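Enquirer: Its first residue numbered 1247, the sequence shown is counted upward by one per residue in the working numbering. We put the CB at the ideal spot given by N, CA and C, even for glycine. Fair warning: this is a prediction, and the values are worked out from it, not measured in the lab.
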Amino acid sequence: MSRRRAALLLLLVLLLAGCRTVRSVVARYPRPDIARIYAAARQNPERNPVIVIPGFAGSELVRQADGKIVWGAFFTKDALSYGREEGFRAFGLDVAALPARPRPEDLRHIDDDAEATAPLAQVRAEALVTDVSFDVYATLLNLLAGAGYRLVPGSGAAAAGGEGAAPADPAAPLVFTFAYDWRQDGVDNAIALGRFIGHAREQVREARRRAGLPQQPVRFDVIAHSMGGLVARYYLRYGPRDVLGGAPPPITWAGSPDVERLIMVGTPNFGSMKVLRDLIQGRGHPVLPRIQAALAATLTSVYQMLPRPQHALLWLDEGGRPAAPPPLYDVATWMENGWGPFAEDQERFLAWLYPSLDAAARRRHVAGFMAAALERGRRFHAALDQHPSSRPPTTLVLFAGDADATLERAVVLRRAGRLELVFDGPEELGLMGPGDGTVSRASALADERLAGGPAGWLRSPIPWDWTFFVSDRHTSFLRNPTFQNNLLHLLIEQPPRHPATPSEP
1247 MSRRRAALLL LLVLLLAGCR TVRSVVARYP RPDIARIYAA ARQNPERNPV IVIPGFAGSE
1307 LVRQADGKIV WGAFFTKDAL SYGREEGFRA FGLDVAALPA RPRPEDLRHI DDDAEATAPL
1367 AQVRAEALVT DVSFDVYATL LNLLAGAGYR LVPGSGAAAA GGEGAAPADP AAPLVFTFAY
1427 DWRQDGVDNA IALGRFIGHA REQVREARRR AGLPQQPVRF DVIAHSMGGL VARYYLRYGP
1487 RDVLGGAPPP ITWAGSPDVE RLIMVGTPNF GSMKVLRDLI QGRGHPVLPR IQAALAATLT
1547 SVYQMLPRPQ HALLWLDEGG RPAAPPPLYD VATWMENGWG PFAEDQERFL AWLYPSLDAA
1607 ARRRHVAGFM AAALERGRRF HAALDQHPSS RPPTTLVLFA GDADATLERA VVLRRAGRLE
1667 LVFDGPEELG LMGPGDGTVS RASALADERL AGGPAGWLRS PIPWDWTFFV SDRHTSFLRN
1727 PTFQNNLLHL LIEQPPRHPA TPSEP
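#1: Look at the Cβ atom of L1612, then the Cβ atom of P1587, and state whether they are nearer than 8 Å.
#2: Among W1703, Q1730 and Y1484, whose alpha-carbon lies nearest the alpha-carbon of I1437?
#3: Under the assumption that F1442 contacts F1424 (Cβ atoms under 8 Å), give the Cβ distance between them as a whole number of angstroms.
#4: Is S1502 helix, strand or coil by DSSP?
#5: Measure the alpha-carbon distance for V1577 versus G1329 and round it to whole angstroms.
#6: On a CA-only basis, which of I1280, A1692 and S1327 is nearest G1517? Give me that one, please.
#7: Can you confirm whether the segment 1672-1692 touches the segment 1705-1724 when touching is taken to mean that 3 or more C-beta pairs between the two stretches lie within less than 8 Å?
#8: Which class does E1666 belong to by DSSP, given the choice of helix, strand or coil?
#9: Evaluate contact between the segment 1533-1548 and the segment 1490-1499, counting only Cβ atoms and requiring at least three cross-stretch pairs below 8 Å.
#10: In this structure, does DSSP put A1437 in helix, strand or coil?
#11: Can you list the alpha helix (DSSP H) stretches of 4 or more residues lying completely in the segment 1456-1536, in chain order?
#12: Pick from A1367, V1468, Q1730 and A1607: whose alpha carbon is nearest that of A1346?
#13: What distance in whole Å lies between the Cβ atoms of Y1480 and G1432, which are believed to be in contact at a cut-off of 8 Å?
#14: What distance in whole Å lies between the Cβ atoms of P1555 and Y1575, which are believed to be in contact at a cut-off of 8 Å?
#15: With a floor of 3 residues, list each beta strand (DSSP E) that falls wholly inside the segment 1609-1672, ordered by position along the chain.
#16: Could you check how far apart the C-beta atoms of G1304 and H1445 are, in whole angstroms? I think they sit under 8 Å.
#17: May I ask you to report which of helix, strand or coil DSSP gives S1602?
#18: Would you call the segment 1623-1634 and the segment 1655-1667 touching, i.e. three or more CB-CB distances under 8 Å?
#19: Shorter than 7 Å, the distance from the beta carbon of R1687 to the closest heavy atom of the ligand MG, or not?
#20: CB-CB under 8 Å to D1415, same chain, minus the five flanking residues each way: which ones, in chain order?
#21: Express the C-alpha separation of Q1461 and R1455 in angstroms, rounding to a whole number.
#22: According to DSSP, is W1765 part of a helix, a strand, or is it coil?
#23: One question on the structure: do F1669 and R1529 come within less than 8 Å of each other, judged by their Cβ atoms?
#24: Would you call the segment 1345-1365 and the segment 1306-1326 in contact, with 3 or more CB pairs under 8 Å?
#25: Taking 8 Å as the threshold (C-beta atoms), are G1647 and D1718 in contact?
#26: For the candidate residues D1352, Q1740, W1499 and E1506, whose alpha-carbon lies nearest to that of L1630?
#27: Would you call H1633 buried or exposed, if buried means 16 or more other Cβ atoms sit within 10 Å of its Cβ?
#28: Pull up the distance between the alpha-carbon of L1389 and that of P1295, whole angstroms please.
#29: Among A1418, L1704, L1734 and R1743, which has the Cα closest to the Cα of Y1788?
#30: Have a look at P1350 and E1582 and give me their C-alpha separation to the nearest angstrom.
#31: I'd like to check one pair, L1339 with A1618: are the Cβ atoms closer than 8 Å?
#32: Identify, in the order they occur along the chain, each residue of the same chain with its Cβ nearer than 7 Å to the Cβ of D1650, setting aside the five sequence neighbours on each side.
#33: How long is the line joining the alpha carbons of A1287 and K1323, rounded to whole angstroms?
#34: Can you give me the C-alpha to C-alpha distance between L1659 and W1580, rounded to a whole angstrom?
#35: Looking at the structure shown, is S1706 part of a helix, part of a strand, or coil, going by DSSP?
#36: Taking the straight line between their C-alpha atoms, what separation do you get for R1282 and L1704?
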């Protein structure tokens, strides 16, 4: 047995053991019989069609030139490994084709040969005895199918084992999945979402026509996991246009007429400290190849999930007291302190990304790209963090985890003339906070009390209508019975708060 396959089997055992541990507390209480609870409500003819938006790494990426899988399968014959030079370049965005000093707006879309083809219903890998797969979004899609929705072909739900077969009723509301390139800029993906909604609307109208149903205005209920919530939030605020050319304009809620409910699940509305750590240090994995910092640095979306420097409670000194925040948006901070792609051990990986350049030219190109990406990320944050002057005609719902210790703060140090961020320490230092293991509770809420000052009531740029907190992890949230029960209650029992009028498209 190869070491790689042995490790994969070990990981599978650990994952199954972990799932049993997480569910052990839940198992002490009866699991809700969702099929029975919603047996009548699943026939509700007034339900909206649904769009599911996956999160970061939630869509399969396929290289168009030869059909090789860039993301979504590992150790299989049709998959590339980003631990090797060819797969490394395929996984990263093609930043080498950009000018040495691109403008922030040049990063809205980076031409790349890999495209998103489908939501990641499962992750596939080859083991010694048989193939194994890990459920990603198939459980959610099957839940919706079991609740009387009709899955649009290509949703990927059938891969989970068949329990979510689409109902035969042609009048059942449709479920769409928005597969997108999660490496790319959030604005670019919001614009793509607008096009997707337009096509989905026409499919809904055609389905209603064939079923002999009246042509009511089409509004969608959107379920957005993790980073998908940022894409959806931007679309609600500004519609399918790029407003990051300077100071953000007033919020018009241009995309809200398309969306009756936006249900965000574990969305890093104020970023994630784990993302900052991974961008600086890279990210290891028990089985999969390490995601090197140089590789993470090519992904435009990563910069748009950074924590906010102005949130004073996130930055501590060695004694756990407030510290001056690091100038994260300044590329000089990264270069001078050897962070991320500027670390010495990243040089050989930069050579993979820029094979035709010498070491000095590679650093200049990386610095130019990173300067533009950091500024683009800062503008994206400003656009999402500003307060609206009015509430949207959309119900805003949050599901967040708050029972798992989550990296929320960092220690800011000066050592040998260099700025250093430390992401681990004793419990009493207070680096961990409540969350889902990836996204803190405060970030999901977009809680402005992170900036310091009086505690008081929750202050957020998101005018929440409903907030729910569930004891589960970021990656297993969608399988949680409490989440599933409340989600279906919202979708098929709660009447719309902002119903569309006949004059709307």
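Expert: The relevant details are as follows:
#1: Here residue 1612 is taken as the residue at index 366 of the sequence shown, counted from 1. Here residue 1587 is taken as the residue at index 341 of the sequence shown, counted from 1. Before going further, note that residue 1612 is Val rather than Leu in the sequence given. Yes, the Cβ-Cβ distance between V1612 and P1587 is below 8 Å.
#2: Residue 1437 sits at position 191 when you count from the first residue of the sequence shown. The candidate whose alpha carbon is nearest that of I1437 is Y1484.
#3: On the sequence shown, residue 1442 is found 196 positions in, with the first residue counted as 1. On the sequence shown, residue 1424 is found 178 positions in, with the first residue counted as 1. About 5 Å separates the two Cβ atoms, so the contact holds.
#4: Taking the first residue of the sequence shown as position 1, residue 1502 is located at position 256. DSSP places S1502 in helix when its eight states are reduced to three.
#5: By 1-based counting over the sequence shown, the position of residue 1577 is 331. By 1-based counting over the sequence shown, the position of residue 1329 is 83. Their backbone Cα atoms lie some 26 Å apart in a straight line.
#6: As a position in the sequence shown, residue 1517 is number 271, starting the count at 1. Ranking the options by Cα distance to G1517, first place goes to A1692.
#7: yes
#8: The residue labelled residue 1666 in the question sits at position 420 within the sequence shown. The answer is strand: DSSP assigns E1666 an E or B state.
#9: no
#10: Reading the sequence shown from its first residue, position 191 is the one you call residue 1437. As written in the sequence, residue 1437 is Ile, which differs from the Ala given in the question. Correct three-state label for I1437: helix.
#11: 1474-1484 and 1519-1527
#12: If you number the sequence shown from 1, residue 1346 lands on position 100. With distances taken between Cα atoms, A1346 lies closest to A1607.
#13: Along the sequence shown, one-based indexing puts residue 1432 at 186. Along the sequence shown, one-based indexing puts residue 1480 at 234. Their Cβ separation, rounded to whole angstroms, is 6 Å, which keeps G1432 and Y1480 in contact under 8 Å.
#14: Counted from its first residue, the sequence shown places residue 1575 at position 329. Counted from its first residue, the sequence shown places residue 1555 at position 309. That belief holds up - the Cβ atoms of Y1575 and P1555 are roughly 7 Å apart, short of 8 Å.
#15: 1641-1647, 1650-1653, 1656-1661 and 1664-1668
#16: Residue numbering aside, residue 1304 sits at position 58 when the sequence shown is read from its first letter. Residue numbering aside, residue 1445 sits at position 199 when the sequence shown is read from its first letter. Rounded, the Cβ-Cβ distance is 20 Å, inconsistent with contact.
#17: Along the sequence shown, read from residue 1 onward, the residue named residue 1602 stands at position 356. Reduced to three states, the DSSP call for S1602 is coil.
#18: no
#19: As far as ligands go, the structure on display features none, and thus does not contain the ligand MG.
#20: Counting from 1 along the sequence shown, the entry for residue 1415 is found at position 169. Excluding sequence neighbours, D1415 sits near G1394 and R1396.
#21: Looking up residue 1455 in the sequence shown gives position 209. Looking up residue 1461 in the sequence shown gives position 215. The straight-line gap from Cα to Cα measures roughly 7 Å.
#22: Since the first and last residues shown for the chain are 1247 and 1751, residue 1765 lies out of range.
#23: Here residue 1669 refers to the residue found at position 423 when the sequence shown is read from its first residue. Here residue 1529 refers to the residue found at position 283 when the sequence shown is read from its first residue. Contact: no.
#24: yes
#25: Taking the first residue of the sequence shown as 1, we reach residue 1718 at position 472. Taking the first residue of the sequence shown as 1, we reach residue 1647 at position 401. For D1718 and G1647, yes; Cβs fall inside 8 Å.
#26: Walking along the sequence shown from the start, residue 1630 turns up at place 384. Taking only the C-alpha atoms, the option nearest L1630 is W1499.
#27: The sequence position of residue 1633 within the sequence shown is 387, counting from 1. Burial call: exposed.
#28: Working through the sequence shown from its first residue, we reach residue 1389 at position 143. Working through the sequence shown from its first residue, we reach residue 1295 at position 49. The alpha-carbon atoms of L1389 and P1295 are separated by roughly 14 Å.
#29: Since the first residue of the chain shown is 1247 and the last is 1751, residue 1788 is not available in this structure.
#30: The count along the sequence shown starts at 1 and reaches residue 1350 at position 104. The count along the sequence shown starts at 1 and reaches residue 1582 at position 336. C-alpha separation (whole angstroms): 22 Å.
#31: By 1-based counting over the sequence shown, the position of residue 1618 is 372. By 1-based counting over the sequence shown, the position of residue 1339 is 93. No, these two residues do not count as a Cβ contact at 8 Å.
#32: Position 404 of the sequence shown, counting from 1, holds the residue named residue 1650. The residues are G1681, D1682, G1683 and R1719.
#33: Taking the sequence shown and counting its residues from 1, the one referred to as residue 1287 is at position 41. Taking the sequence shown and counting its residues from 1, the one referred to as residue 1323 is at position 77. Straight-line Cα distance between these residues: approximately 45 Å.
#34: As a working note, residue 1659 is residue 413 in the sequence shown. As a working note, residue 1580 is residue 334 in the sequence shown. Roughly 14 Å between the two C-alpha positions.
#35: What you label residue 1706 is simply residue 460 of the sequence shown in a count that begins at 1. Coil, per DSSP.
#36: To locate residue 1282, count along the sequence shown from 1; it is residue 36. To locate residue 1704, count along the sequence shown from 1; it is residue 458. C-alpha separation (whole angstroms): 37 Å.
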